[in-house]
Structure formats: C-alpha cells, structure tokens
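Below: one structure, written as structure tokens.
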Amino acid sequence: MREFRNLVGGALVEAADGRTLDSVNPATGETWARVPRGGREDAERAVAAARAAAPKWAGMPALGRAHFLRKVADVFASNAQELAEIETRDNGRILRDTLKRDLPGMTFLWQIAAGQTLDAVKGDSVVLGPDTWGFTRREPYGVVLGIIPWNSPISTFSAKAAYALAAGNTVIIKPAEQASASVLRLGELLADVLPPGVLNIVSGLGEEVGDALVRHRGVNKISLTGSTETGQIITRASADALKPLTFELGGKSPNIVFADADLDAAALGVTVNSIYTGNAGQVCVAGSRILIQRPIWDEMLERIKSAAGGLVLGEPLDMATTMGPIVSRPQFERVVSYLKTEADLVFGGRYGSEVVPALPGGYWVEPTLYTTTDNTLRICQEEVFGPVAVAIPFDTDDEALAISNDSTYGLAAGLWTRDLGRVQRFVRDLDSGTVWVNTFRQMPPGLPFGGVKDSGYGHDAVLAYTREKAAIIQT
C-alpha cells in the first residue's frame, strides 16, 4: 500500500485533519494507494504558501524562471518509467500511452514553456502625440488554481502548471480524487527543484478542498479541465470574486468520413486513434460520433469492425495491451447506462468480468459501435466518456455540417477527405475549437487547444496566464 502526501510550501504533508482517500486500480478493483483528503484548512495553507512565494517568483528575471522550468523537464525525463507506471495503476491508462506518448510529450512541453518565459513579459508601444506615448506590459495574475481531471493527470498538470509558472504566477494544483497519485508523486520529485510555495498540490474531494480553493479570494485565476457540469459549478462558486476562468470541458466530437478519403487511414483514425484505444474512450476529444457518407457506409463499417477487432484488452501495465478499463465504478456504471439505447448494435456491448476474465474485478467495457439515423438520441448528444461510438450516415456536405453542429458541444472534429475546397469550408464552418484533417488527436504545444459552446473557452498557453496593463506617459 503506497502512501502519498500533498505538497504545500515546499513541504510534503498529510491532510490537516489526517483524512485519506483510497486509490483503486481500475483493472483489478483493488485499493493500491492512499492519498490525502484535503479540506478547508489545507486550502488556506496552500493559498498562503502560494501568495508568500508570488512576489519573488514574479520578480525573478524571465531567464531565471526558464532555468527552473528546464530542471522540471529533466525530472520528467529521468523519472518517466515510474511516473507512467503510477498513472497507469491509478487510472487504467495503458502503459504504452503513458510511457511512449504522454511523458515524452510533457518533457517537451516544459522545455517549450521555458522558452516562452520572455513572451510573457513582452508589450507594445504606440506614439499618441508629439510628447505623449503609451505602452503595455504583461503581468502575472498572481496565484493560479489548476483543476485537473482523472483521465490524463500528468498531461493536464503540465499544460496548466508549466505555462502559469512561465508567466510568473505561483500555482496550486487540485488533482481529481479518482486519480491523484501520479501528480502527488510529481510533487515529491519537484519539492527540492522549485522554490518553496511556487508549486503546491492539494488532493481531496471537489466539494471540499476544491470548493474552498475556488471560492478563496487569494486565488486570482482558475483553469479547469473537466466536465461541463463542473465548469458550471465553478462559474457560480467563483462569481463573487469575479475570477478570470479558462475552461476545457466536455465534447461530443464528430469524425466525418467522405467517400473520397483514404479509407484505410480513416478506419484507424475513427477507432484506434480516436475513441477506443489508450484510455478506453475516456478522452474529451474522443470522436464518439462517426459520420460516414452513404456510398462507403457498408465498407467503412466493416473496416471499423476489423480495426476494433485487433484491439487487445488486458492488464494496462502490459505493453501489449492496447485498451484499458474504465477509471472507477461510478464511471463504469455511467458508461454501461448508454448501452441501453434505441440505436442498432454493430459490435461490442459486453461489459464486466466476461470482457477480461483474467481480471474479473476490473471495470471493463469492450469496444462498442452503434448505428442510427437519429442524431437526437441520448447516445448521440451526451458525452459517454467510454469506448462507445455511434455511426451516422449522411449524403451531402451540408448534411454532414448540420449533423456535426447539432450538438451543445464544440471541442474538436475530424475530417477525412482529399478535397481541399471542402477542407477550407469545414474548417471555417464547424463549431469546433480544433479541426483535424486526415488525422486525429494531434495536440502540439505550439497551437491553442480549447472549445466553444458547452466545451468551454480559453486555452492553456503562456499569455493566457498574464493580464495586460496600459500606461500613458506625457513628457
């Protein structure tokens, strides 16, 4: 049984009242670790530590902050195996993804953030008259609260903390109670790398320590990656202090396949690279609505079935496994509820111990595909957050756009076609923060990532963690 602690003011500490939460391995259903269950006192201590460290960190030359961020990148690189194994054990994300994709990507992201520290202090100037000129300067907000989800803790921790620190803010991270261990282990590794109080990590329940942090007037900005419902709760809770918010929320992403597409690439793009593998569809951008042009409808369904049939479900720590379990019992039950639908089953639909008999206590749902012509069904409109997709036929470009945009969400979309004119139109007209063309789920640090409608607003980047001040000088 592993025990993890919070990072507050440079010290590794238990919750103020000593309470803990169990971390359950979703592949087995067994408790493997305990994490602190923080509360209001823990929130107060974290905010006090972050505020005490803020003036010195903000006043440090940009190249000084860059030096620290490069040291963090080195920690990621030298501890990748351990961090990947902890995250896989904690949330079921397969090791081949955490080790081969997430950790190298986050090492690179911290290096990128280190290189952007100077961007955070650049301003503009303008001549207003013969003896008057104005200029702008960018300043950090102060204390930034990053609230991260359970599906990719290391990645979302990095996206928030790296850029916020680069901009000169101090940071408090609240990990999800379902999967806090990898981020808390990062806190242990970084305790002696960053100055005390610059980075603080406090685990616990959202309605307890999370609520206390969100409402605290010592927190100057909040960045959330999570559900739309959580975003609504935080908006209401933070309204009294009028905190600036960045939200990356849920999605119901369309993945649109036209008859002129490379069908081999599209079949992998709408299954292996989109909805089923890695984190078992528990990805905000998962292409859970597959739109297929009618002339290739039957052929694409067969190709999708074949691609999904090659997936290997099993122990997530095994590098041969290509799809893992659902993160927790409540999420498992939520996903299973969507298997009771009016849509037509193409393949899958099984869940529980019969899916992976060798791991009968795990939260398993096999890759599943339904078809329908009714985009109003619950399975077409609500975010399942599991390995369950629905295929919808269409005839024309206009019909594909109408179906795609008929959603309260607007996080991402995929487009498979060789027609460049169509690409330009769809990139322009899709209600989506990101559009992938003949690829899916590529998220390079150099480009913004965020959504529209119920998928949120803003994005994690260095300038998003600064505010602009204007000055006018008359000589």
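In terms of our numbering, the sequence shown opens at residue -14 and continues consecutively. Where a beta carbon is used, it is the ideal one built from N, C-alpha and C, also for glycine. These numbers come from a predicted model, not from an experiment.
V437 to F(-11) span [Cα, whole Å] = Within the sequence shown, the letter at position 452 stands for residue 437. Within the sequence shown, the letter at position 4 stands for residue -11. Distance between V437 and F(-11), taken at the CA atoms: about 36 Å.
Backbone CA spacing between R314 and A265 [nearest angstrom] | What you label residue 314 is simply residue 329 of the sequence shown in a count that begins at 1. What you label residue 265 is simply residue 280 of the sequence shown in a count that begins at 1. Taking the straight line joining both Cα atoms gives about 14 Å.
Between E351 and R335, which are expected to be in contact by the criterion C-beta below 8 Å, what is the C-beta distance as a whole number of angstroms?
-> Locating residue 351 in the sequence shown gives position 366, counting from the first residue. Locating residue 335 in the sequence shown gives position 350, counting from the first residue. Contact between E351 and R335 holds, since their C-beta atoms are separated by about 5 Å, short of 8 Å.
Put I457 into one of helix, strand or coil per three-state DSSP.
-> Taking the sequence shown and counting its residues from 1, the one referred to as residue 457 is at position 472. Correct three-state label for I457: strand.
Pair every Cβ in the region 388 to 407 with every Cβ in the region 247 to 261, then say whether three or more of these pairs are closer than 8 Å.
-> Per the Cβ contact rule, the region 388 to 407 is in contact with the region 247 to 261 (3 or more Cβ pairs under 8 Å).
Hey, how far is the Cα of I186 from the Cα of I133?
-> Along the sequence shown, one-based indexing puts residue 186 at 201. Along the sequence shown, one-based indexing puts residue 133 at 148. Here the alpha carbon of I186 sits roughly 11 Å from the alpha carbon of I133.
Residue range of the beta strand (DSSP E) that P180 falls in?
-> Stepping through the sequence shown from its first residue, residue 180 is reached at position 195. Annotation for P180: no beta strand (DSSP E) segment contains it, and DSSP assigns it neither H nor E.
G108: which of G119, P115, G114 and A99 sits nearest, CA to CA?
-> The residue given as residue 108 occupies position 123 in the sequence shown. Nearest C-alpha to G108: G119.
When you compare each of G24, G182, F243 and T307 to M285 by their alpha carbons, which one comes out closest?
-> As a position in the sequence shown, residue 285 is number 300, starting the count at 1. The closest CA to that of M285, considering only G24, G182, F243 and T307, is found on F243.
Is there contact between the region 290 to 301 and the region 383 to 394, where contact requires at least three CB pairs shorter than 8 Å?
-> No, they do not touch.
Can you round the beta-carbon distance between V128 and V204 to whole angstroms, since I take them to be within the 8 Å contact cut?
-> By 1-based counting over the sequence shown, the position of residue 128 is 143. By 1-based counting over the sequence shown, the position of residue 204 is 219. About 5 Å separates the beta carbons of V128 and V204, which is inside the 8 Å limit, making them a contact pair.
Just grab the DSSP bridge partners of R407 for me.
-> As a working mapping, residue 407 is identified with position 422 in the sequence shown. Answer by DSSP bridge pairing: none, since R407 is not bridged.
When R78, A18 and A105 are compared against T48, the one with the closest alpha-carbon = Translated into positions along the sequence shown, residue 48 becomes position 63. Reading off the sequence shown, one finds Leu at residue 48, where the question assumed Thr. Nearest of R78, A18 and A105 to L48, Cα basis: A105.
What's the call for M308, buried or exposed, on a 16-neighbour Cβ count within 10 Å?
-> Translated into positions along the sequence shown, residue 308 becomes position 323. Classification for M308: buried.
Simplified DSSP state of G131, which is helix, strand or coil = Here residue 131 corresponds to residue number 146 of the sequence shown, with the count starting at 1. DSSP places G131 in strand when its eight states are reduced to three.
Please say whether I157 and A31 have beta carbons closer to each other than 8 Å?
-> Within the sequence shown, the letter at position 46 stands for residue 31. Within the sequence shown, the letter at position 172 stands for residue 157. A distance below 8 Å separates the beta carbons of A31 and I157.
When DSSP labels each residue in this structure, what does K438 get in the three-state scheme?
-> For the purposes of this step, residue 438 is taken as residue 453 along the sequence shown, with counting starting at 1. When DSSP states are grouped into helix, strand and coil, K438 belongs to the strand group.
Return the chain-ordered list of same chain residues with a C-beta closer than 6 Å to the C-beta of T155, the five sequence neighbours on each side being excluded.
-> Counting from one through the sequence shown, the residue named residue 155 turns up at place 170. A35, A38, A39, W42, V128 and V183.
Using three-state DSSP, classify Q278 as helix, strand or coil.
-> Position 293 of the sequence shown, counted from the start, is the residue given in the question as residue 278. Here Q278 sits in strand by DSSP.
Using only alpha-carbon positions, find the residue among G406, H52 and P89 that is nearest to Q66.
-> On the sequence shown, position 81 is the one that residue 66 refers to. Minimum Cα distance to Q66 is reached at P89.
Could you tell me which residues DSSP pairs with R19 in its beta bridges?
-> Within the sequence shown, numbered from 1, the residue matching residue 19 stands at position 34. The partner list for R19 (beta bridge, DSSP) reads E(-12) and D7.
Identify which residue in Y442, R407, I377 and L169 has its Cα closest to the Cα of T419.
-> For the purposes of this step, residue 419 is taken as the residue at position 434 of the sequence shown. Ranked by Cα distance from T419, the first of Y442, R407, I377 and L169 is Y442.
Closest by CA to A33, which one among D59, L405, L130 and L324?
-> If you number the sequence shown from 1, residue 33 lands on position 48. Selected option, being the one with the closest Cα: L130.
Measure from the alpha carbon of G346 to the alpha carbon of each residue in P372, G(-5), T13 and T262, then state which is nearest.
-> Looking up residue 346 in the sequence shown gives position 361. G346 has its Cα closest to that of T13, out of P372, G(-5), T13 and T262.
Cutoff 7 Å; reference G211; Cβ partners in own chain excluding five residues on either side | For the purposes of this step, residue 211 is identified with residue 226 of the sequence shown, where counting begins at 1. Correct list, in chain order: I132, P134 and L234.
Measuring alpha carbon to alpha carbon, tell me which of N360, G337, A446 and P239 ends up nearest F425.
-> For the purposes of this step, residue 425 is taken as residue 440 along the sequence shown, with counting starting at 1. Among N360, G337, A446 and P239, the Cα nearest to that of F425 is on P239.
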